[in-house]
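Engineer:
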Amino acid sequence: MATTQSPCPSPSPPAQHVVLMGGDKEIEETSHEFCNTFEEMHLKDELRRGIYSYGFETPSLIQQKGILPIIRGRDLLAQAQSGTGKTAVYSIACLQKVDPSCPFTQALILAPFRELAWQTHNVISKMAKFMKGLNILRVVEGGAISVIARKVAEAPQHIIVGTPWRVAHMIYSEIIDVSHLRIFVLDEADLLLSQKFKDKIFDINSNLPKNAQTVLLSTTMPQEIIEVAHQILNDPVQILVPRDELTLDGLRQFYVAVEKEEFKEEALFDLYDSIQVAQCVIFCNSKCKVDYITEDLRSRKFTVSSIHDGMNYIDRDRIMQDFRDGKNRVLVTTDLLSRGIDIQQISLVVNYDLPMEKESYIRRVERSVRFGKKGIAINLVTEEDGQMLKDIQEFYGTKIEEMPANMKELLQLK
Ligand code: ADP
Ligand code: MG
35 MATTQSPCPS PSPPAQHVVL MGGDKEIEET SHEFCNTFEE MHLKDELRRG
85 IYSYGFETPS LIQQKGILPI IRGRDLLAQA QSGTGKTAVY SIACLQKVDP
135 SCPFTQALIL APFRELAWQT HNVISKMAKF MKGLNILRVV EGGAISVIAR
185 KVAEAPQHII VGTPWRVAHM IYSEIIDVSH LRIFVLDEAD LLLSQKFKDK
235 IFDINSNLPK NAQTVLLSTT MPQEIIEVAH QILNDPVQIL VPRDELTLDG
285 LRQFYVAVEK EEFKEEALFD LYDSIQVAQC VIFCNSKCKV DYITEDLRSR
335 KFTVSSIHDG MNYIDRDRIM QDFRDGKNRV LVTTDLLSRG IDIQQISLVV
385 NYDLPMEKES YIRRVERSVR FGKKGIAINL VTEEDGQMLK DIQEFYGTKI
435 EEMPANMKEL LQLK
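If you read the sequence shown in the numbering used here, its first letter stands for residue 35, the second for the next number, and so on.
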């Protein structure tokens, strides 16, 4: 039988005064509650079992601060470094709040692209393993509409995890009914509220009941996005990681200087020996370049796979699965994979191109620092990239050193 006691938090440290990443305005962190353990959250028994069987023992900081306000019914704006466990913040809170005996969709979780929605669906489904009668539906591009329609007709789908366009389409087609929704979650909220998705998100939001809670989570939260966010938030609890805490601690960063763009290929081939030691993601700034580099590496008999959003869904799913399973160890990609994808084994990120915006740097390289694990980032830079390299170091207050000769050993030592 589910526990129904109200949560009873420990006394919390005083709210901090923090500065938002990318913003110039100071705003107050407003979360005053703190749960040091999952017990203190007084979760349903079967949910707590699910969390433990998933392998979590104690909540991470963002979970200690963020789960309870959602359970209590508050809107939430949470910004925390990548790899700190934001998925479980909303997953646990949604699972606690959703009532399986109520035959409606009660929580809607959106992610900007399908690989991330898959991953979240997987996490939340595993945590819900012991919750009888609870259904969680994935609604992403590439899945047949008829299958979604059949699942919805067969049984209530209490939680939906999906991508904006697909979910919006399902709502317009009246396949999904969101009129009883209680929680609306945007993961990677800064991207979902950017120009590319904003209108879809507002459209979906306008179909939800006025009293539905809104939960936004992100690694970075530029000021202009905060302003957009406040259009859909109602007096939110704000949990923010101060900018100077958005550090690249635990990450070793290097650069390899090449004179011209054309020489990057050779630099990458030179690195290949080292790269193979680790599970590695290579970031390029365009799809064409991803295709080109992949072909080039293959023509030199290197084993490598690639993924970007110009590829078909079947290939994307297969490549991601093989990479997760460790069948492919080197993956060339665009910024598609710079957000949210959690693959524990990644220990090396190579920026074949430096990102166009310095804010993207942390998202890319943090793929190699998951939950306290150390990683390595290598940047291939031309003379033209010098300014960007300097800007990145200043922005993050970090040092990117010239790559040492014993790179392979460093990777093996990790
Ligand atoms: P974020 O969304 O903040 O980037 P994720 O939710 O993807 O982070 O979590 C990063 C990794 O940390 C995942 O592998 C996740 O399983 C692990 N993790 C999160 N919270 C905990 C916890 N409380 N205990 C152990 N591992 C955790
Ligand atoms: Mg995430």
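In this text, a Cβ means the ideal position worked out from N, Cα and C, and glycines have one as well.
None of these values were measured; they are calculated from a predicted model.
Under 7 Å: does the beta carbon of Gly360 sit that close to some heavy atom of the ligand ADP?
Structural biologist: No, the beta carbon of Gly360 sits no closer than 7 Å to any heavy atom of the ligand ADP.
Engineer: The beta strand (DSSP E) that contains Cys314, what's its start and end?
Structural biologist: 313-317
Engineer: Short check: CB of Ile143 to CB of Val212, under 8 Å?
Structural biologist: no
Engineer: Once DSSP output is grouped into helix, strand and coil, what is the label at Thr154?
Structural biologist: helix
Engineer: Leaving aside the five residues before and after Ile209 along the sequence, list all residues of the same chain whose C-beta is less than 8 Å from its C-beta, in chain order.
Structural biologist: Ile179, Ile182, Ala183, Val186
Engineer: Determine the DSSP secondary structure at Asn385, reduced to helix, strand or coil.
Structural biologist: strand
Engineer: Determine the extent of the beta strand (DSSP E) in which Leu365 is found, giving its start and end residues.
Structural biologist: 364-367
Engineer: Figure out for me which residue from Glu428, Tyr395, Asp307 has the closest Cα to the Cα of Lys442.
Structural biologist: Asp307
Engineer: Could you work out which residue in Thr92, Gly84, Asp79 is closest to Phe72 when comparing CA atoms only?
Structural biologist: Thr92
Engineer: Please state the DSSP three-state secondary structure of Asn70.
Structural biologist: Coil at Asn70, not helix or strand.
Engineer: Among Asp387, Glu418, Leu111, Val383, which residue has its Cα nearest to the Cα of Arg401?
Structural biologist: Val383
Engineer: Excluding sequence positions up to five away, which residues of its chain have a Cβ less than 6 Å from the Cβ of Gln97?
Structural biologist: Gly119, Ala122, Val123
Engineer: Please identify the residue among Asp325, Arg108, Ile194 whose C-alpha is closest to the C-alpha of Gln247.
Structural biologist: Arg108
Engineer: May I have the straight-line CA-CA distance separating Gly57 from Phe336, to the nearest angstrom?
Structural biologist: Any answer about Gly57 is weak, because its pLDDT of 37 lies below 50 and its placement is not dependable; what the coordinates show is given next. Between the alpha carbons of Gly57 and Phe336 lies a distance of about 43 Å.
Engineer: Report, in whole angstroms, the separation of the C-beta atoms of Tyr386 and Lys298, which I expect to be a contact under 8 Å.
Structural biologist: 6 Å
Engineer: DSSP has Ala411 in a bridge; who is on the other side?
Structural biologist: Gln287, Val383
Engineer: Give the DSSP-derived three-state secondary structure of Gln378 in the structure shown.
Structural biologist: It is coil, neither helix nor strand.
Engineer: Could you give the distance in angstroms between the alpha-carbon of Lys361 and the alpha-carbon of Tyr86?
Structural biologist: 28 Å
Engineer: Considering only the beta carbon of each residue, do Ile194 and Val201 sit closer than 8 Å?
Structural biologist: Yes.
Engineer: Please state if the CB of Asp224 and the CB of Met204 are separated by a distance shorter than 8 Å.
Structural biologist: no
Engineer: Between Val399 and Thr367, how many whole angstroms is the CB-CB distance? I'm expecting something under 8 Å.
Structural biologist: Between Thr367 and Val399 the Cβ distance is about 14 Å, and since that is not below 8 Å, they are no contact.
Engineer: Among Leu414, Lys294, Met354, Ile105, whose alpha-carbon lies nearest the alpha-carbon of Leu305?
Structural biologist: Leu414
Engineer: Is Val262 helix, strand or coil by DSSP?
Structural biologist: helix
Engineer: Please indicate yes or no: does the CB of Pro146 lie closer than 7 Å to some heavy atom of the ligand ADP?
Structural biologist: Because no heavy atom of the ligand ADP lies under 7 Å away, the Cβ of Pro146 does not count as near it: no.
Engineer: Can you tell me the Cα-Cα spacing of Ile377 and Ser135, whole angstroms?
Structural biologist: 34 Å
Engineer: Spatial neighbours of Asp343 within its chain, please: CB distance less than 6 Å, with the 5 preceding and 5 following residues excluded, ordered by chain position.
Structural biologist: Leu370
Engineer: Spatial neighbours of Gln427 within its chain, please: C-beta separation below 7 Å, excluding the five flanking residues on both sides.
Structural biologist: Lys433, Ile434
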